[in-house]
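Everything on this sheet refers to the single structure shown next.
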Amino acid sequence: MNTTTVNDATGHHDHDHDHAPEGFMRWLTSTNHKDIGSLYLWFSLFMFFFAGALAMLIRAELFQPGLQYFQPGVFNQLTTMHGLIMIFGAIMPALVGFANWQVPLMIGAPDMAFPRLNNWSFWLLPAAGTLLIATFFVPGGAISGGWTMYPPLYMQGGIAYDISILSVHILGISSIMGAINIIVTILNMRAPGMTLMKMPLFVWTWLITAFLLVAVMPVLACAITMLLTDRNFGTHFFDAAGGGDPIMFQHVFWFFGHPEVYIMILPSFGIVSTILPTFARKPLFGYVSMVYAVASIAILSFIVWAHHMFTTGMPLGGQLFFMYATMLISIPTGIKVFNWVATLWRGSITLETPMLFSLAFVILFTLGGFSGLVLALVPVDIQLQDTYYVVAHFHYVLFSGSAMAIMAGVYYWLPKWTGHMYDEKLGKVHFWVTAIAFNITFFPMHFLGLAGMPRRIPDYALQFADFNAIASVGGFLLGASQLLFLYIVIKCARGGAPAGNRPWDGADTLEWTLSSPPPYHSFVTPPLVK
Amino acid sequence: MQTHTNNNAYYVPPPSIWPLVGSIALLTLATGFALLLNKTAIGPYVMALGAGILLIMLFGWFGAVINESISGKYAGQEDASFRWGMAWFIFSEVMFFAGFFGALFYARNIAVPMLEDAQSLWPGFVAAWPTAGPGLKTVITPVHAWGIPALNTLILLTSGVTLTWAHWGLQKDKQSQLKLGLALTIALGILFIGLQWYEYVVLDFTLRDGIFGATFFMLTGFHGFHVILGTVMLIVILFRSLASHFTPGRHFAFEAVAWYWHFVDVVWLLLFIFVYCL
Amino acid sequence: MSIPKYPDPRAGHTYCTWTIRILFALLAGLAPALARADFALNLPTPATGVAQDIYDLHTLILWICCAILVVVFIPMAIALLKHRKSVGHQAAKFHDNLAVEIIWTVIPILILISMIWPATKLVVSMKDVSKSDLTIKVTGYQWKWEYEYLGDNIRFMSNSSTPQAQIDGEQPKGEHYLLEVDRPLVVPAGKKVRLVLTSNDVIHAWWVPAFGVKQDAIPGFIRDTWFKVDQPGIYRGQCAELCGVKHGFMPVVVEVVTPEKFDAWKQEQKALVAAAAANAGKTYQMAELNAIGEKVYTANCAACHQANGVGIPGAFPALSGSKIATGDVAGHIDMVLNGKSPTAMAAFGKQLSDLDIAAVVTYERNKWDNKTGDLVQPADVAARRK
Ligand code: HEA
Ligand code: HEA
Ligand code: CUA
Ligand SMILES: [Cu+2]
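Quick mapping for you: the protein sequence lines, in order, are chains S, Z and P. Under my numbering, residues 88 to 617 are what the first sequence spells out, in order. Under my numbering, residues 45 to 322 are what the second sequence spells out, in order. Under my numbering, residues 215 to 600 are what the third sequence spells out, in order.
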């Protein structure tokens, strides 16, 4: 790609857009990638707490056997909305927020390629979020069929189901437009000299993630459109009496769903791959193989979807194919893990908060990957499908994977974003409480799953009582420790020791050449990359 | 807030109200639709309000883009962005249709034969295509591919040719060829929609008639919707041509719509083969 | 005979599991929990060959993963301890090494291949439903199982039998809380039992952990699976696919008996079927119907329409004062017989007998605010069946 600057004789003398609007309108109408990035991040933080609060209610109900606080229908609403909001409201927007802030800064661009569209991508989220949260208050309550929305269960139920489908449509539009924006920014807006293979790994991971988004969000739209018409217009896509098949929904959904989980992890890989070299004061090991590994994960992710469906009774050939393909993903993922360890090897390591989170990421994500591998083996998955083992697996990859990488990234870039250092001591406390509480919460869930506790149940047999109690106590601690996170972030945003341009002596990407916080338009004159 | 504008800088538009308006529009539209689906009397009105806001937004937003384009704010790099953006948008549309085609293939080749195997549940059901499924007893007479559908294929293919001819005109700065080509393309598009509409009217099955009806109407319906959208965009382009917005050197909007039109064309070809012929 | 099998709380205690237990209990400050200590850390004790193989496969994978973990994280630990700035370690500059990259691509591939082999063999055997001794059709309903012994004209529903009072905490919870049913599936020991599964409404999954069997039951489609248990006993499991409000209350209980006992049981069941048929034309009194109706209502309807008949506004309509439940009797019977697709209101015609439906309709028409005084006989229901 040729990214040398344009010579346009007609000129761009248009001073009025250089003023950042003030007050409310600045946020409502912004075309600035940093403002929009901040909006994404705040939105996701809010949703993280909202969905987290639902998780607290789940853990409260599961603290002991019997029905304590919620009727089963309400409990299912909590579970469903917790999963849906965490994924679409917390993790994905947070990662897009990072992309907004960091991609232009890291490739030396003045802004995103389509700044206005960027604003729309964001403002669709509150619209969709409002719809989703509103469903708690409609007759019949929120959706309760699981975040995976399987029919025919999804055919039953009231207006909340239609609202939620439309809301997910809006989220999809937002994601697709956001992803197109990111792809084009990366392909078209790099500073002169910034070849693809010189891009920071974070940018690479987002390029590939954005590709995944553009490829699979429309497929999700298909799936839920068919649901909508089955519910309201009398089609029979998922109804055997009309020649349809409920399993067809699962195929279409997981064709989206599996790439979706990598959408949530690849940018996290990128964040961690940026932080580890900084605090090891040593270049990332195996940059090229990292890029290829990410690409292979993305490509493989299109052919493994049915590992979520082993118990539906696929033909033998299907089970074997999807088992092998799924296992194959361990190879590129393993390469990444090994490269991270090799990056640390013989470095000059310091353990600031972002580093601590990243190190925990490497270890705990690997654990989550291993439980994924266990689930990939068809016979074992037959035992474990839809049990708490799966819940343990995906919280290891999603919480200690995506969410902890996001926290690492927040600590790492907060000084750049706000111009202030965060409170290092509190940050470390936050880390240790989070890491310990996380394991208390989710490690026992492996045992619960092995012993036979199904997921998505409000009440359980007596032999599951102890581990559930432990998990609940851990969960509350985990929730409480996130309040500390909120406090640290707000405190840092409002003030603190000045950060300087480059607070981390090992950091070498472009954003650190700018002031902290960076100027309103990032790189008005593109930097020259050697 | 420093910035001294640089002649060469990438154009960053000023803050804009339109995205927010667009979000409010979709929020209203979705709320109205959900209400409508659940038989609430105000549903249609809320939807109409949402659609109205959406229209205002589209006019406002595209108006702003067109103004910026005319006043020469978009140079080589911006132009490249638009091209990439449109290409990836079309890719997302491709995936959208791929999903429905996937559903068609799955239903036809996997689900329906599996239903035949489940004789104890659906005694006497024979896998065949088209089918309305074992529970609905409807017999389906599919559309004859070599009637209207074949004619429509011809129409769309021709419209592709006329559009390309218009593009040649534009490249050679023959404005009249451009306008004529566009007008012809639009006419063909409208003809296509009309025929498709007629076909829907005379059909004796509906989208309620089992998996055949569902996949048929979902695929042709979404395609038809895209043709309508494409035709509207072509009309806009025609008006812009009449206002001499395009030069041989700069006419991204024209090309974007042309790409879109060709994409819709290709989807139709696939539809013709997989929905009508096979 | 009933040896409780699921899960055997005392199985597989080792030094290691105790350590983990104590660790967790202490971490969470829940030492009292230890006193009860009736939880398991691993898959339940296998009762079938397949379950045993799964158990072994899982153990194998677990150890492989542990080994990889050690190999990967020991270097990491060393780096974190020794290569620290605080101990004055200077950073090296290397960032590439083709040889190691190849090694750590190839070795994992070999490891994967070593896992694939046993897994593949096991999948193949799990899929092999041929040469079965007996076939039972399992149908999932919201929220109960129906078992039909194909060729034997034996067919019955299996409902959860845990009292609501235990669930609500008004009574102490029994030993098999949530894992007990009114009529278990009865199968002979040592015989290969093939299950064919389907569902009446939404997707359910029939799961007995000790058998290593979990199979979705999909409405309109048929799937099959099999198991062969040698040890007579009672085995417990649950529905494993979210299927609506009472998904958590849909247990599976299988009673494995000796073949002789199984044959005796079969004769008994056939006698019961014959007796029911003899009663077909009988007419019932209001009190009788109300008594049966209340049971049917509690077991089948109260989940949605609630015990007090007020339903859940917006989701499930009230029956108390409902137009249908106080209007035309035929309309009421039809609603219960045929349900209303695609709402949650299922067609109960397939799962309830004429008597049951007559009773529950009578009950609904005379309970709460509905004082119609109507009496519905089984024959009335039979007449409206299509
Ligand atoms: C960020 C999200 C994320 C990520 C990264 C992953 C990663 C993986 N997942 Fe996970 N998964 C989920 C999120 C994720 N998953 C979610 C949300 C669900 C549940 C959805 C629902 O039902 O609600 C799920 C469910 C799920 C299932 C279905 C379970 C069931 O319902 O029955 C399976 C089965 O195969 C699976 C497998 C895997 C595998 C093999 C990987 C691999 O990518 C992991 C690869 C990594 C490693 C293996 C570790 C590092 C490697 C090495 C150190 C190299 C050496 C290793 C070897 C040679 C073995 N996942
Ligand atoms: C990215 C994703 C993500 C994250 C971060 C989490 C975080 C957590 N999850 Fe979640 N979870 C999912 C994704 C995620 N989860 C998904 C996809 C499902 C499947 C859904 C389905 O089955 O359909 C699921 C399901 C799921 C279950 C299974 C429910 C069931 O099957 O019935 C449980 C049970 O313990 C659980 C617990 C938790 C807990 C304790 C946390 C904790 O980490 C949360 C920590 C808490 C906070 C961050 C908030 C703290 C806030 C406060 C303390 C403020 C309190 C304020 C008020 C009360 C006003 N989750
Ligand atoms: Cu039946 Cu869950
Ligand atoms: Cu997956």
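We put the CB at the ideal spot given by N, CA and C, even for glycine.
(message) Measuring straight from C-alpha to C-alpha, what distance separates Asp542(P) and Ala596(P)?
(response) 17 Å
(request) Consult DSSP for Arg152(Z) and reduce its assignment to one of helix, strand or coil. (result) DSSP places Arg152(Z) in helix when its eight states are reduced to three.
(message) Closer than 7 Å between beta carbons: that is the criterion. Which residues of the segment 81-114 of chain Z meet it against chain S?
(response) Leu81, Asn82
(request) Compile a chain-ordered list of the residues in the segment 426-453 of chain P whose CB is closer than 8 Å to at least one CB of chain Z. (result) Gly434, Phe435, Ile436
(request) May I have the straight-line CA-CA distance separating Ser216(P) from Ile547(P), to the nearest angstrom? (result) Residue confidence is low: Ser216(P) scores 40 on pLDDT, short of 50, so the model does not pin down where it sits. Its coordinate-derived value is still stated next. Ser216(P) and Ile547(P): Cα-Cα distance of roughly 41 Å.
(request) List in chain order: all unbroken alpha helix (DSSP H) runs of 4+ residues lying wholly within the segment 505-579 of chain S. (result) 511-538
(request) Mind listing, in chain order, the continuous beta strand (DSSP E) runs of no fewer than 3 residues lying wholly within the segment 526-582 of chain P? (result) Segments of the beta strand (DSSP E) lying fully in the segment 526-582 of chain P: there are none.
(message) I want to verify the contact list: residues of chain Z whose CB lies under 9 Å from the CB of Gly404(S), in sequence order.
(response) Near Gly404(S) there are no residues of chain Z at all, since even the closest Cβ is about 13 Å away, more than 9 Å.
(message) For Ala171(Z), tell me which candidate among Arg152(Z), Pro186(Z), Phe249(Z) has the shortest Cα-Cα distance.
(response) Arg152(Z)
(message) Between the segment 488-501 of chain P and the segment 194-210 of chain S, can you find at least three pairs of beta-carbon atoms closer than 8 Å?
(response) Contact fails: fewer than three Cβ-Cβ distances are below 8 Å.
(request) Taking the CB atoms as reference points, tell me whether Arg599(P) and Leu566(P) lie closer together than 8 Å. (result) Against a cut-off of 8 Å, the Cβ pair of Leu566(P) and Arg599(P) comes out as no contact.
(request) Rounded to whole angstroms, what's the CA-CA distance from Gly228(S) to Ile575(S)? Just pull it up for me. (result) 35 Å
(request) Could you tell me if the beta carbon of His482(S) falls within a distance shorter than 7 Å of some heavy atom in ligand 4? (result) no
(request) Buried or exposed for Lys471(P), please, with buried defined as at least 16 other CB atoms from any protein chain shown within 10 angstroms of its CB. (result) The sequence shown places Val at residue 471(P), not Lys. Val471(P) comes out buried.
(request) State the start and end residues of the unbroken beta strand (DSSP E) segment that holds Trp440(P). (result) 437-441
(message) Which of the three DSSP states is assigned to Thr49(Z) in this structure?
(response) Residue placement at Thr49(Z) cannot be trusted, given a pLDDT of 41 that sits under 50; what the coordinates show is reported in the next sentence. Looking at Thr49(Z) - three-state DSSP - the assignment turns out to be coil, as it is neither helix nor strand.
(request) Give the interface partners of Thr175(Z) over in chain S, defined as CB-CB distance under 7 Å, in chain order. (result) Gly330
(message) Can you pull the chain S neighbours of Cys515(P), defined as C-beta to C-beta under 9 Å?
(response) Neighbours of Cys515(P) on chain S: none; closest Cβ ~15 Å, over 9 Å.
(message) Which residues does DSSP list as the beta-bridge partners of Glu243(Z)?
(response) Under DSSP, Glu243(Z) takes part in no beta bridge, so it has no partner.
(message) At the 8 Å Cβ level, is Leu180(Z) part of the contact set with chain S, yes or no?
(response) yes
(request) Using a Cβ cut-off of 8 Å (strictly closer), state whether Pro191(S) contacts chain P. (result) So, not an interface residue.
(request) Taking Gln155(S) as part of the alpha helix (DSSP H), name the residues at either end of that continuous run. (result) That residue, Gln155(S), is in no alpha helix (DSSP H); it is neither H nor E in DSSP.
(request) Check whether the Cβ of Thr334(P) lies closer than 8 Å to any Cβ atom in chain S. (result) A Cβ of chain S is located within less than 8 Å of the beta carbon of Thr334(P).
(request) Would you kindly work out how many angstroms separate the C-alpha atoms of Ala491(P) and Ser372(P), rounded to a whole number? (result) 20 Å
(message) Which residues of the segment 544-569 of chain P have a Cβ closer than 7 Å to any Cβ of chain Z? Give them in chain order.
(response) none
(request) Could you tell me whether any Cβ in chain P is nearer than 8 Å to the Cβ of Met139(Z)? (result) no
(request) Please determine, among Asp438(P), Ser300(P), Gly404(P), Ala281(P), the residue with the shortest C-alpha to C-alpha distance to Pro402(S). (result) Nearest of Asp438(P), Ser300(P), Gly404(P), Ala281(P) to Pro402(S), Cα basis: Asp438(P).
(request) Please name the residues in the segment 389-420 of chain P whose beta-carbon is closer than 7 Å to at least one beta-carbon of chain Z, in chain order. (result) Going along the segment 389-420 of chain P in chain order, one finds Thr412 with a Cβ nearer than 7 Å to chain Z.
(request) Check whether the Cβ of Ala249(P) lies closer than 8 Å to any Cβ atom in chain S. (result) With a pLDDT of 39 at Ala249(P), under the threshold of 50, the predicted position of this residue should be treated as unreliable, and no value is reported.
(message) Just to confirm the assignment, what range does the alpha helix (DSSP H) spanning Tyr498(P) have?
(response) Per DSSP, Tyr498(P) belongs to no alpha helix (DSSP H) and is neither H nor E.
(request) Tell me whether the beta-carbon of Thr116(S) lies closer than 8 Å to the beta-carbon of Ser60(Z). (result) yes
(request) Please check if any C-beta of chain P sits within less than 8 Å of the C-beta of Ala162(Z). (result) yes
(request) Could you have a look at Ala593(P) and say whether DSSP puts it in helix, strand or coil? (result) In the displayed model, Ala593(P) falls within a helix according to three-state DSSP.
(message) Just to make sure I have the definition right: I need the residues of chain Z whose C-beta is within less than 7 Å of the C-beta of Ala302(S). Which are they?
(response) Met139
(message) Against chain Z, does Asn319(S) count as a neighbour if the rule is that its beta carbon must be under 8 Å from one of theirs?
(response) yes
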